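Colleague: Here it is, the structure in full.
Residue numbers (the working numbering), protein chains in the order written: chain A, 1 to 195; chain B, 1 to 244.
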């Protein structure tokens, strides 16, 4: 099938070329009949094209391109300027931010210092107060200790004299009793110590 | 069926015969497509140049891209001295490009597939460049034919070769464009003929070739316009900045 087609194809090629070579009378290009006409019309059309293009159309296109180029350059310049400005502004802002950060840090430190100082002050005050109060309390305790011993002795002497009076029914010299009480308390103290 | 692939290049009169003295300058299909190309270029570029928005729309972009494309091509090959010739090279590039592209429309006519058209353009460029060279450098322009650093023994030979190569510039420039256009369109016509003659069974292969060739030819149409313009720039560069 394919072979047949190819054979037919080649055959028809031979056929056609034979027919053509029989028909053709050479190249029409070499027939000078319309040469002059072609030259004349070429000069007319090409001349018109050249004149109209060079005088009217090309300057317009050139102007368009030029104005666009200058416009673009201008825009680029403006953009560049604005970029620089914005960069400056960014730097400024950075500076401001940095400054405010430093300030904030300082403020914070100051406040902390103040608080710490306050705390220290209050603590020391408190400690002082406490110490004073402790001292007072200690003194009181000491006083109490001292006076309580005396009082106890007194009470002991009185009660013992009262007891003796009730038991025996006669007065005994108080001084004697108190000396005995003193001895007893001393003894009991020693006993407690020993224990 | 127009079996002859060369029939598409036939030039025929449209409308009455116009005679200037003894010379026939009738309006032909070739003239028609020159006019169509010119008008198309002017319409597209004029619409593109009209709007002056900062962000271009499609047509404006097209006009500005082609402007900067040609402008870059000239400054790359011929330097800043070639700026006064920008309009000419731009017109040349657009004219050749549009003629080539209009030729890609089926049943249309390709102006640049005729040697006389391309030769007139090339000859004009050649003469113009030579005049510019002599104006800029006087007789010093002849140094173009004497490359520096060549041994004295070889000099006569080299000069002859240089002169021949210089004189063949218009021929090579014109034949390159003409032959490319003619060959491409002939090939497309041949393959189109195959599609018809092989019918529904065998026609698919040449049809696919035709599709591929159409793409290729559009590329060639652009490329040849570019080559034509850039060679013009190179010749102009020789005339403006004498390197030898």
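Heads up, the beta-carbon is just placed ideally off N, CA and C, and yes, glycines get one too.
What you are looking at is a predicted structure, and each value in this text was computed from that prediction instead of being measured.
#1: Based on the DSSP secondary-structure assignment, which residues constitute the bridge partners of residue 77 of chain B?
#2: Of all Cβ atoms in chain A, is any one closer than 7 Å to the Cβ of residue 118 of chain B?
#3: For residue 13 of chain B, list the residues DSSP reports as bridge partners.
#4: Between B/133, B/204, B/86 and B/31, which lies nearest to residue 12 of chain B when the distance is taken from Cα to Cα?
#5: Starting from the beta carbon of residue 209 of chain B, find every residue of chain A whose beta carbon is closer than 8 Å, and list them in chain order.
#6: Quick check: the Cα distance between residue 111 of chain A and residue 138 of chain A, rounded to an integer number of angstroms?
#7: Got a sec? Which residues, its chain only, sit under 6 Å from residue 43 of chain A by beta carbon, not counting five neighbours each side?
#8: Looking at the C-beta of residue 34 of chain A, does it have a partner C-beta in chain B at a distance below 7 Å?
#9: In angstroms, rounded to a whole number, what distance separates the CA positions of residue 96 of chain A and residue 103 of chain A?
#10: Are the C-beta of residue 60 of chain A and some C-beta of chain C separated by less than 7 Å?
#11: In chain B, what lies closer than 7 Å to residue 52 of chain A by C-beta?
#12: Provide the residue span of the alpha helix (DSSP H) that contains residue 101 of chain A, from first to last.
#13: Give the single residue among B/121, B/183, B/175 and B/128 whose Cα lies nearest to the Cα of residue 216 of chain B.
#14: Rounded to the nearest angstrom, what separates residue 181 of chain A and residue 130 of chain A at their Cα positions?
#15: Would you say residue 37 of chain A reaches chain B, if we count a Cβ-Cβ gap shorter than 7 Å as a contact?
#16: Could you check what DSSP says for residue 20 of chain B in three-state terms: helix, strand or coil?
#17: Quick check on DSSP: helix, strand or coil for residue 4 of chain B?
#18: Extract the residue ranges of the alpha helix (DSSP H) inside the region 77–165 of chain B, only unbroken runs of 4 or more that lie entirely within it.
#19: Give me the Cα-Cα distance between residue 28 of chain B and residue 31 of chain A, rounded to the nearest whole angstrom.
#20: Check whether the Cβ atoms of residue 118 of chain B and residue 177 of chain B sit closer than 7 Å, and answer yes or no.
#21: Would you list, in chain order, the members of the region 87–113 of chain B that have their beta-carbon closer than 9 Å to a beta-carbon of chain A?
#22: Examine chain B for any beta-carbon lying closer than 7 Å to the beta-carbon of residue 211 of chain A, and answer yes or no.
#23: Do residue 173 of chain B and residue 239 of chain B have their C-beta atoms closer together than 7 Å?
#24: Would you mind telling me which residues of chain A sit closer than 9 Å to residue 64 of chain B, beta carbon to beta carbon, in chain order?
#25: Report the three-state DSSP secondary structure of residue 185 of chain B (helix, strand or coil).
#26: Given residue 165 of chain A, which residues of its chain have a CB within under 7 Å of its CB, disregarding the five upstream and five downstream residues?
#27: With a threshold of 7 Å between beta-carbons, can residue 42 of chain A be considered close to chain B, or not?
#28: According to DSSP, simplified to helix, strand and coil, what is residue 306 of chain B?
#29: What first and last residue would you give for the alpha helix (DSSP H) that runs through residue 37 of chain A?
#30: I'd like to know if the region 130–141 of chain B and the region 87–105 of chain B are in contact, where contact means that at least 3 CB-CB pairs between them fall below 8 Å.
#31: Check whether the region 39–54 of chain A touches the region 38–46 of chain B, taking contact to mean three or more Cβ pairs, one atom from each stretch, closer than 8 Å.
#32: Are the region 44–62 of chain B and the region 49–60 of chain A touching, with three or more C-beta to C-beta distances below 8 Å?
#33: Step through the CB atoms of chain B and report whether any lies within less than 7 Å of the CB of residue 49 of chain A.
#34: Does any residue of chain A bring its CB to less than 7 Å from the CB of residue 145 of chain B?
Modeller: Taking the geometry as given:
#1: Bridge partners of residue 77 of chain B: none, in fact.
#2: no
#3: B/28
#4: B/31
#5: Result: empty, since nearest Cβ-Cβ is about 11 Å, beyond 8 Å.
#6: 39 Å
#7: none
#8: yes
#9: 10 Å
#10: Protein chains A and B are contained in the structure displayed, whereas chain C is not.
#11: 42
#12: 58–168
#13: B/183
#14: 39 Å
#15: yes
#16: strand
#17: coil
#18: 86–103 and 115–137
#19: 14 Å
#20: yes
#21: 87, 88, 90, 91, 92, 94, 95, 111 and 113
#22: Residue 211 of chain A cannot be examined here, being either before or after the span of chain A that is shown, 1 to 195.
#23: no
#24: 61, 64, 65 and 68
#25: helix
#26: 171
#27: yes
#28: Residue 306 of chain B lies beyond the stretch modelled for chain B, which goes from 1 to 244, so this question has no answer here.
#29: 35–52
#30: no
#31: yes
#32: yes
#33: yes
#34: no
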